[in-house]
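Written out below as C-alpha cells is the structure these notes cover.
2 protein chains.
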Amino acid sequence: MEEHNTLRQLFPGLEEELYNEIDQHGEVRQVPAGITLLRKGQTIRSTMLILEGIVKLYQEDEEGDEFFMYYIEPGEACAVSMVCTYRQENSQVLAKAMTDVTVLTIPIQYMDEWLGKYKSWHYFVLRTWRSRYEELLNTINAIAFKNMDERLEFYIKGQVEKLGRHIKLTHQEIATDLNSSREVISRLMKKMEKDGWLIIHRNSFEWIKP
Amino acid sequence: MEEHNTLRQLFPGLEEELYNEIDQHGEVRQVPAGITLLRKGQTIRSTMLILEGIVKLYQEDEEGDEFFMYYIEPGEACAVSMVCTYRQENSQVLAKAMTDVTVLTIPIQYMDEWLGKYKSWHYFVLRTWRSRYEELLNTINAIAFKNMDERLEFYIKGQVEKLGRHIKLTHQEIATDLNSSREVISRLMKKMEKDGWLIIHRNSFEWIKP
DNA sequence: TTTCATGTGTGACAGGCATCACCTATAGAC
DNA sequence: GTCTATAGGTGATGCCTGTCACACATGAAA
C-alpha cells in the first residue's frame, strides 16, 4: 500500500503493531490550501499527523486577530491535538492549511491507550511537544526583541525554507500573519527591493538574498 | 523523613519505586532569591523539581536582554531541563530564583532510564511540557496583542497570584522583565495609582484592585 | 475596450514607547 | 543631622509603526 510506505517513512521508529493500529483507526483526509483545520475554542476530537503539505499555526486573540507562530510539516504532528486525556479539551490555537494538505486523523480516544501500550508513541508525543515548545521560544524571541524589519526578514526566510524563493503571498497576507498592517509591510518590502533582497511582483515576490 | 512526605505530596501519583529512586539519586539544593539556576547556553546536566519557592523563566536575546515568560512553582519541574536524551543539550532559556528556592536535582542520565521504566514519569514529563507550552501561548498572546498597560496589569496580577498583593519589586525590575524601560513603567504605575488600582511605596507597592 | 476588483505605492499624521535630561524623595551610613 | 546611593517623577524629543487618504497598476470579467 502506498500509505503504508509513506507512514513508515514519515514516522519512523514506531512499533509494528502501532503502525497497524494507525492504519486501522486513522483516517486520511485531504484538505485544500487555505482551509482551517482547527479553530480556536473548537473541541479536539482527533489527533492529526501531517502526511503531505504544510500547516500554519496561529495564536488568535479575542477580536479574531491572528498571529502566526510556526509551521507543521510532513512527519510532524499537531501537538495541540495530542492531548492525552479522556476529558474533552478545546483548542487554544488556530491551524490552517498553507498548501493542499493530507492529514491522518486519529480519534482522540486512542491517545490514552497508545500512550499506555506503545513506548515509541510516548516518545513521539514527547518529542512533538518539545519541538513545538522550541518553536514558540523562537516566536517569542522575535516579537519580544526584534523590530518589524527583522521580523519580516525572519518570516520570509521561514517561507523560503518551506516553499522556495518564489513566495505567493500578498502584502496583506503577510501583514495579517505578523499582526501588522499592509502599508508597513509594503514599505519595508519596497526598501528590501531597493536593497536587492527581493523582487516584487503582483501577488508574489522572489527572495534573492542569499 | 520530612523530604519523603513533601515529595509525595508535591508530586503525587508516581510509582513507589520511582519515589525511592528520586530519594536515592536526587539531591536537594537550596538556592537564595535572585540566583540564576540555569543560564542560556549552559549545558543541562540535571533535571530540576521545585520543592519550595518560585522560579521565573526568561527568554534571553543575544544582547543579554531578558524577557520574562512564566513561573515554575512547587510541584512543577523545569521542562527545559527534562531533556530525555543521551546527548548533551544547551539551555535556550534562563531560570532565576524569585524567592528562596529548594530544588531537587536529578542527574540527567536517569531521564532515559526512568522514561523507559516508569509510566508515571512519562506522564509527568508530558504534562510538564504541555503546561509550559500553554504558558508560552499566554506570553505570546500578551506581547503580540496587548499594549504595555495591559501587559503590566497582566504581569502584576501574575505576581499577586504567586506572592500576594504586596509586591517587592522596583520599577526597574519590572521594566526589565517586560523588556521595557523604567520611565514607562513608572508613568503607567502612576496612572494606575491615580485610578486607585495600587499604592506605590519605595521598593514595593500594593495591588488593591479586586 | 471598458469596467471593476484587488493589489500596491506613498504622503501625512498620530499614538506608543524608548531615551535623555534632570529633578525630587527616601533610607541608610556616617 | 548631613551625606550619599538608590528609587521614583516628569517633560522633551524622536523613532517605529498603525491608520487614513488617495493614487496608480494589473488582471479578469463584461
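Note that the protein sequences, when read in sequence, are chains A and B. When the letters of the first sequence are read in order and numbered with the UniProt record's numbering, they come out as residues 1 to 210. When the letters of the second sequence are read in order and numbered with the UniProt record's numbering, they come out as residues 1 to 210. Beta carbons: idealized from backbone N, C-alpha and C, even for Gly.
Quiz item: How long is the line joining the alpha carbons of residue 194 of chain B and residue 186 of chain B, rounded to whole angstroms?
Solution: Stepping through the second sequence from its first residue, residue 194 of chain B is reached at position 194. Stepping through the second sequence from its first residue, residue 186 of chain B is reached at position 186. Looking at the two C-alpha atoms, the distance is approximately 12 Å.
Practice problem: With residue 207 of chain B as the anchor, note down where its beta strand (DSSP E) starts and where it stops. | Solution: If you number the second sequence from 1, residue 207 of chain B lands on position 207. Start and end: 205-207.
Self-check item: Presumed contact (8 Å Cβ cut-off) between residue 137 of chain A and residue 42 of chain B, rounded CB distance
Solution: Counting from 1 along the first sequence, the entry for residue 137 of chain A is found at position 137. Counting from 1 along the second sequence, the entry for residue 42 of chain B is found at position 42. The Cβ separation is near 15 Å, so there is no contact.
Practice problem: Identify the continuous beta strand (DSSP E) that holds residue 95 of chain B and give its terminal residues. | Solution: Start at 1 with the first residue of the second sequence, and residue 95 of chain B comes out as number 95. Its beta strand (DSSP E) spans residues 93-97.
Quiz item: By Cβ distance below 8 Å, which residues in the same chain neighbour residue 162 of chain B in space, the five residues on each side in sequence not counted?
Solution: Numbered from 1 along the second sequence, position 162 holds the residue referred to as residue 162 of chain B. The residues are 54, 71, 73 and 98.
Practice problem: Determine the closest residue to residue 35 of chain B out of B:57, B:174 and B:200, with distance taken between C-alpha atoms. | Solution: The residue you call residue 35 of chain B lines up with position 35 of the second sequence. Out of B:57, B:174 and B:200, B:57 has the C-alpha closest to the C-alpha of residue 35 of chain B.
Quiz item: Looking at residue 167 of chain A and residue 205 of chain A, is the spacing between their C-beta atoms short of 7 Å?
Solution: Counting from 1 along the first sequence, the entry for residue 205 of chain A is found at position 205. Counting from 1 along the first sequence, the entry for residue 167 of chain A is found at position 167. Contact flag set, yes.
Quiz item: Is it the case that the Cβ atoms of residue 51 of chain B and residue 14 of chain B are separated by a distance below 7 Å?
Solution: The residue given as residue 51 of chain B occupies position 51 in the second sequence. The residue given as residue 14 of chain B occupies position 14 in the second sequence. The answer is no: Cβ separation not under 7 Å.
Quiz item: Which residues in the same chain have their Cβ closer than 8 Å to the Cβ of residue 157 of chain B, if we skip the five residues on either side of it in sequence?
Solution: Walking along the second sequence from the start, residue 157 of chain B turns up at place 157. So the list reads 207, once near-sequence residues are dropped.
Quiz item: In this structure, does DSSP put residue 131 of chain A in helix, strand or coil?
Solution: As a working note, residue 131 of chain A is residue 131 in the first sequence. Note: residue 131 of chain A maps to helix in three-state DSSP.
Quiz item: In whole angstroms, what is the alpha-carbon distance linking residue 83 of chain B and residue 140 of chain A?
Solution: As a first step, residue 83 of chain B must be located in the second sequence, where it is residue number 83. As a first step, residue 140 of chain A must be located in the first sequence, where it is residue number 140. Using only the alpha carbons, I get a separation of about 21 Å.
Quiz prompt | Contact under 7 Å by Cβ, residue 77 of chain A with residue 38 of chain A | solution = For the purposes of this step, residue 77 of chain A is taken as the residue at position 77 of the first sequence. For the purposes of this step, residue 38 of chain A is taken as the residue at position 38 of the first sequence. No, these two residues do not count as a Cβ contact at 7 Å.
Quiz prompt | chain B contact residues for residue 141 of chain A, given Cβ-Cβ distances below 7 Å | solution = Here residue 141 of chain A is taken as the residue at index 141 of the first sequence, counted from 1. Those within 7 Å of residue 141 of chain A in chain B are 59 and 61.
Quiz item: If the cut is a Cβ gap below 9 Å, which residues of chain A does residue 55 of chain B touch?
Solution: Residue numbering aside, residue 55 of chain B sits at position 55 when the second sequence is read from its first letter. The contacting residues do not exist; residue 55 of chain B stays about 17 Å from chain A at best.
Exercise. Using a cut-off of 8 Å between C-beta atoms, extract the partners of residue 93 of chain B located in chain A.
Key: Here the question's residue 93 of chain B lines up with position 93 in the second sequence. Per Cβ cutoff of 8 Å: 137.
Quiz item: Along chain B, in chain order, which residues have C-beta atoms closer than 9 Å to that of residue 76 of chain A?
Solution: Sequence index remark: in the first sequence, residue 76 of chain A carries index 76 (1-based). By Cβ distance, chain B contributes nothing, its closest Cβ being about 15 Å from residue 76 of chain A, past 9 Å.
Quiz item: So with Cβ pairs under 7 Å, would you call residue 179 of chain A a contact of chain B?
Solution: Translated into the one-based positions of the first sequence, residue 179 of chain A becomes position 179. For residue 179 of chain A, the answer is yes, since a Cβ of chain B falls inside 7 Å of its Cβ.
Quiz item: In the region 174-205 of chain B, which residue ranges form an unbroken beta strand (DSSP E) of at least 3 residues, counting only runs that do not cross its ends?
Solution: 198-200
Practice problem: Would you mind working out which of B:128, B:79, B:135 and B:106 sits nearest residue 93 of chain A, comparing C-alpha positions? | Solution: Taking the first sequence and counting its residues from 1, one reaches residue 93 of chain A at position 93. Nearest option by C-alpha distance: B:135.
Quiz item: List, in order along the chain, the chain B residues whose C-beta lies closer than 8 Å to that of residue 11 of chain A?
Solution: Within the first sequence, numbered from 1, the residue matching residue 11 of chain A stands at position 11. Neighbours of residue 11 of chain A on chain B: none; closest Cβ ~18 Å, over 8 Å.
Self-check item: 7 Å Cβ cutoff met for residue 126 of chain B and residue 18 of chain A
Solution: Reading the second sequence from its first residue, position 126 is the one you call residue 126 of chain B. Reading the first sequence from its first residue, position 18 is the one you call residue 18 of chain A. Cβ distance not < 7 Å, so residue 126 of chain B and residue 18 of chain A don't count as in contact.
Quiz item: DSSP on residue 169 of chain B, reduced to helix/strand/coil?
Solution: Residue 169 of chain B sits at position 169 when you count from the first residue of the second sequence. Correct three-state label for residue 169 of chain B: coil.
Practice problem: Give me the Cα-Cα distance between residue 61 of chain A and residue 190 of chain A, rounded to the nearest whole angstrom. | Solution: Taking the first sequence and counting its residues from 1, one reaches residue 61 of chain A at position 61. Taking the first sequence and counting its residues from 1, one reaches residue 190 of chain A at position 190. Looking at the two C-alpha atoms, the distance is approximately 29 Å.
Exercise. Give the C-beta separation of residue 81 of chain A and residue 22 of chain A to the nearest angstrom, bearing in mind that I take them to be a contact with Cβ-Cβ under 8 Å.
Key: As a first step, residue 81 of chain A is located in the first sequence; it is residue number 81 there, counting from the start. As a first step, residue 22 of chain A is located in the first sequence; it is residue number 22 there, counting from the start. With a Cβ gap of about 15 Å, residue 81 of chain A and residue 22 of chain A do not count as contacting.
Self-check item: residue 129 of chain A at chain B interface by Cβ criterion, 7 Å
Solution: As a first step, residue 129 of chain A must be located in the first sequence, where it is residue number 129. At least one chain B Cβ lies under 7 Å of residue 129 of chain A.
Self-check item: Integer Cβ distance of residue 108 of chain B from residue 47 of chain B, believed to fall under 8 Å
Solution: Working through the second sequence from its first residue, we reach residue 108 of chain B at position 108. Working through the second sequence from its first residue, we reach residue 47 of chain B at position 47. About 6 Å; that satisfies the 8 Å criterion.
Quiz item: Residue range of the alpha helix (DSSP H) that residue 58 of chain A falls in?
Solution: Start at 1 with the first residue of the first sequence, and residue 58 of chain A comes out as number 58. Looking at the DSSP string, residue 58 of chain A is not in any alpha helix (DSSP H); the run it does join, the beta strand (DSSP E), is 55-60.
Practice problem: Find the residues of chain A that neighbour residue 69 of chain B, judging by a C-beta separation of less than 8 Å, and give them in chain order. | Solution: The residue labelled residue 69 of chain B in the question sits at position 69 within the second sequence. Going along chain A in sequence order, the residues near residue 69 of chain B (Cβ under 8 Å) are 140.
Quiz prompt | Contacting positions in the region 14-39 of chain B - beta carbon closer than 8 Å to chain A | solution = none
Quiz item: Does DSSP classify residue 118 of chain A as helix, strand or coil?
Solution: If you number the first sequence from 1, residue 118 of chain A lands on position 118. If DSSP states are grouped into helix, strand and coil, residue 118 of chain A belongs with coil.
Quiz item: Mind checking if residue 1 of chain B is an interface residue toward chain A, Cβ cutoff 7 Å exclusive?
Solution: Here residue 1 of chain B is taken as the residue at index 1 of the second sequence, counted from 1. Legend: pLDDT at residue 1 of chain B = 47, less than 50; position of this residue unreliable, value from coordinates given subsequently. No, residue 1 of chain B lies away from the interface with chain A (no Cβ there is under 7 Å from its Cβ).
Quiz item: For residue 52 of chain B, which residues does DSSP report across the bridge?
Solution: Start at 1 with the first residue of the second sequence, and residue 52 of chain B comes out as number 52. The partner list for residue 52 of chain B (beta bridge, DSSP) reads B:102.
Exercise. Report the neighbours of residue 149 of chain A on chain B: residues whose CB is nearer than 8 Å to its CB, in chain order.
Key: Position 149 of the first sequence, counting from 1, holds the residue named residue 149 of chain A. In chain order: nothing, as chain B lies at least about 16 Å away.
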